[in-house]
Ligand code: C5P
């Protein structure tokens with residue numbers, strides 16, 4: 017099976033508090049976008065799981081840990097096999113990486129989510145997406161929200177996920193320019209900095225404003241509703257993030273909002289043509305790509 021593992025951006029990200037286990041309670045609207053790793057996956061019957069990763073060209077893999085148990089795709093396959101009680105189930109997983117590492121785009125989590133969906137089919141499990149989300153939570157906080165393949169609202173550490181907004185079946189397709197400053201942002205370090213420097217917010221109107229943007233389909237409302245509580249702490253640690261945001265605004269994007277814990281910044285544009293124009297104006301020191309909202313059919317792989 018060959019499929020795409022879509023990157024995500026956080027349209028909203030509220031840090032609501034610290035939990036006893038050291039994680040943070042979050043509320044976040046998560047949007048899959050068209051920048052994607054390619055996953056080729058072949059089932060095996062000898063209980064072996066192998067993962068091979070190559071760069072799709074634009075992505076440096078130096079920061080990739082070669083140990084299989086550190087790879088989120090490997091860990092997701094291993095968790096699924098344990099839950100299914102099928103010790104003989106295995107797979108060869110071949111990943112072509114196009115999503116930058118440490119960029120806040122959920123690349124490793126997207127690979128894990130795609131592997132869960134694919135192996136659920138290939139191993140004949142056909143598990144509901146909610147079950148895959150629960151299994152994915154063992155692999156990483158961003159995995160549950162990416163198994164849905166559509167806009168979701170994520171809560172808790174990341175394990176409580178629902179299709180969102182419930183009342184909008186035909187989701188708008190949004191267009192963004194992503195500017196990546198080419199630095200690897202440390203998620204634990206950014207969360208730690210948030211504890212020291214930020215107000216922890218809890219205002220429900222942030223999600224309400226985003227719901228209004230979705231029901232209107234108006235990119236100006238989307239731009240106005242985007243917000244990320246990790247922006248200030250991430251910019252304090254990595255000043256290049258502020259420069260990426262300034263470059264996006266200068267190039268004509270409607271806003272420039274950090275995704276996840278960084279380092280990528282997303283700006284809203286009206287359509288693909290405007291996205292191309294904005295991309296061309298971003299200075300060479302940043303990697304700029306135009307993306308749009310990406311959806312799988314009914315939470316399952318549509319493949320190619
Ligand atoms: O779960 P995951 O391994 O993706 O999380 C990476 C790190 O991000 C955690 O070790 C923690 O420092 C931070 N984190 C957090 N609160 C969350 C998610 C992640 O503090 N909800």
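In the working numbering, the protein residues as written are 17 to 320.
All C-beta atoms in this analysis are idealised placements derived from N, C-alpha and C, irrespective of residue type, glycine included.
A quick note: this is a predicted structure, and the numbers were derived from the prediction, not measured.
Cβ-based burial, residue i [other Cβ within 10 Å; buried from 16]
i	result
residue 45	buried
residue 95	buried
residue 317	With a pLDDT of only 44 at residue 317, under 50, the local geometry of the prediction cannot be trusted, and the value read off the model is given with reservation. That one is buried.
residue 123	buried
residue 314	Only weak support is given to the placement of residue 314: the predicted model assigns it a pLDDT of 41, under 50, and the question is left unresolved by the model.
residue 91	buried
residue 79	exposed
residue 77	exposed
residue 232	exposed
residue 160	buried
residue 301	exposed
residue 58	exposed
residue 221	exposed
residue 47	buried
residue 98	exposed
residue 285	buried
residue 134	buried
residue 158	buried
residue 319	With a pLDDT of only 38 at residue 319, under the threshold of 50, the placement of this residue in the model should not be trusted, and no figure is reported.
residue 75	buried
residue 156	buried
residue 236	exposed
residue 52	buried
Unbroken alpha helix (DSSP H) run spanning residue i, endpoints
i	result
residue 236	235-241
residue 224	221-232
residue 91	88-100
residue 252	247-253
residue 322	Because the chain spans 17 through 320 in this model, residue 322 falls outside it and cannot be assessed.
residue 43	Unbroken run through residue 43 is the beta strand (DSSP E), 40-60; no alpha helix (DSSP H).
residue 189	That residue, residue 189, is in no alpha helix (DSSP H); it is neither H nor E in DSSP.
residue 124	123-138
residue 294	288-297
Residue interval of the beta strand (DSSP E) (run including residue i)
i	result
residue 172	168-172
residue 322	With the chain covering only 17 through 320, there is no way to say anything about residue 322.
residue 80	It is not in any beta strand (DSSP E) - residue 80 carries neither H nor E in the DSSP assignment.
residue 31	18-34
residue 179	176-179
residue 108	106-113
residue 284	281-285
residue 308	303-308
Cβ distance (whole Å) where residue i is taken to contact residue j below 8 Å
i	j	result
residue 250	residue 278	4 Å
residue 165	residue 311	6 Å
residue 55	residue 127	6 Å
residue 193	residue 294	5 Å
residue 162	residue 129	4 Å
residue 17	residue 132	Not a contact, Cβ separation roughly 13 Å.
residue 309	residue 187	7 Å
residue 270	residue 28	That pair is no contact at about 16 Å.
residue 197	residue 111	So it is not a contact: roughly 24 Å between Cβ atoms.
residue 195	residue 275	With a Cβ gap of about 10 Å, residue 195 and residue 275 do not count as contacting.
residue 321	residue 50	Residue 321 lies beyond the range of the chain shown here (17 to 320); nothing can be said about it.
residue 211	residue 30	Not confirmed; about 15 Å, so no contact.
residue 205	residue 265	Not confirmed; about 26 Å, so no contact.
residue 121	residue 23	4 Å
CB contact check: residue i to chain D, cutoff 8 Å
i	result
residue 115	Protein chain content of the structure displayed is limited to a single chain, and chain D is not contained in it.
Below 6 Å from a heavy atom of the ligand C5P - residues by beta-carbon: Here the list is 39, 40, 42, 156, 157, 158, 173, 174, 203, 204 and 207.
At least three beta-carbon pairs within less than 8 Å, the region 182-197 to the region 98-107: The region 182-197, when compared against the region 98-107, does not touch it at the 8 Å Cβ threshold.
Inter-stretch contact at 8 Å, needing at least 3 Cβ pairs: the region 260-274 / the region 169-179: Contact between the region 260-274 and the region 169-179 is not established, with fewer than three Cβ pairs separated by less than 8 Å.
Sufficient close CB pairs (3 or more, under 8 Å) joining the region 62-70 to the region 24-35: Contact between the region 62-70 and the region 24-35 is absent, because fewer than three Cβ pairs lie under 8 Å.
Meets three-Cβ-pair contact criterion under 8 Å: the region 144-159 and the region 110-118: Result no; under three Cβ-Cβ pairs closer than 8 Å.
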